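Be aware that the sequence shown starts at 24, since it is given in the numbering used here, and climbs by one per residue. Read through the structure below, which is laid out as structure tokens, and then see the notes.
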Amino acid sequence: MIRTSLMIAALAGAISAAPAMAAAPACPGRSFNTFLAAFAANADIQRAHVADPLSSGRIDAETEPEPRMVTSSLPKAALGFPIMPLGAERRRDGLEMRTAPKGGGKFEVVLAKPDTGYQLRYQFQPVGDCWQLSAMTDESM
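Structural data, given as structure tokens:
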């Protein structure tokens with residue numbers, strides 16, 4: 024009996040010493056609009072809800088005969104946050120945000136500055152009961 028108790032205690036200690044699986048971050052909203060409001064206002068929420076790696080694209084204006092899209096996969100550790108400008112910066116820079124559903128629970132968010140060539144496109148996909156930024160494209164010219 025004592026030996027069994029010692030074995031159970033040793034096993035319990037080994038289990039509790041094992042590294043815990045990282046829990047999925049809490050979703051900051053039940054609807055995409057609520058999620059997006061939180062995502063767009065907080066760099067920590069952005070960091071928690073970005074794919075690793077993130078698909079990234081930008082227009083290379085130097086290519087001939089015409090500019091072309093260059094894409095890459097960036098590890099989360101290489102990203103700068105906030106990845107989406109926060110509210111004060113968006114207001115200061117005159118950025119407008121448009122959101123469009125893309126089907127299958129996916130959404131596209133476009134940040135643009137009117138009458139300029141500045142445009143960023145963010146692609147969100149559902150992950151569990153929440154969303155994750157899966158791709159970002161800088162279409163600025």
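Each residue gets a CB set at the ideal place from its N, CA and C atoms; glycine is no exception. Source: prediction; values computed, not measured.
State the DSSP-derived secondary structure class of residue i, mapped to helix, strand or coil.
i    : result
K136 : coil
A70  : Note that residue 70 is Arg in the sequence shown, not Ala. Three-state DSSP puts R70 in a helix.
R91  : strand
F55  : helix
E162 : coil
G117 : coil
F62  : helix
I31  : Model confidence at I31 stands at a pLDDT of 35, short of 50, so the residue's coordinates are unreliable and nothing is read from them.
A41  : Bear in mind that a pLDDT of 41 at A41, under 50, signals an unreliable position, so the number given afterwards is only what the model happens to contain. Three-state DSSP puts A41 in coil, outside helix and strand.
Would a C-beta distance cut-off of 7 Å place residue i and residue j closer than the cut-off?
i    : j    : result
K129 : Q155 : no
E112 : Q142 : no
G117 : K136 : yes
A71  : P48  : yes
Q69  : F104 : yes
M164 : G140 : yes
Is the shortest distance between the beta-carbon of residue i and the beta-carbons of chain C less than 7 Å?
i   : result
S54 : You won't find chain C in this structure, because it holds only one protein chain.
Using the rule of at least 16 other Cβ atoms within 10 Å of the residue's Cβ for burial, across every protein chain shown, is residue i buried or exposed?
i    : result
T160 : buried
A63  : buried
V73  : buried
V93  : exposed
> Should the region 106 to 125 be called in touch with the region 81 to 92, which here means at least 3 C-beta pairs below 8 Å?
Replying inline: As far as the Cβ criterion goes, the region 106 to 125 does not touch the region 81 to 92, which means the pair count is below three.
> Within the chosen definition, does the region 96 to 103 reach the region 49 to 63 through at least 3 CB pairs nearer than 8 Å?
Replying inline: The region 96 to 103 makes no contact with the region 49 to 63: fewer than 3 CB pairs, one atom from each, lie closer than 8 Å.
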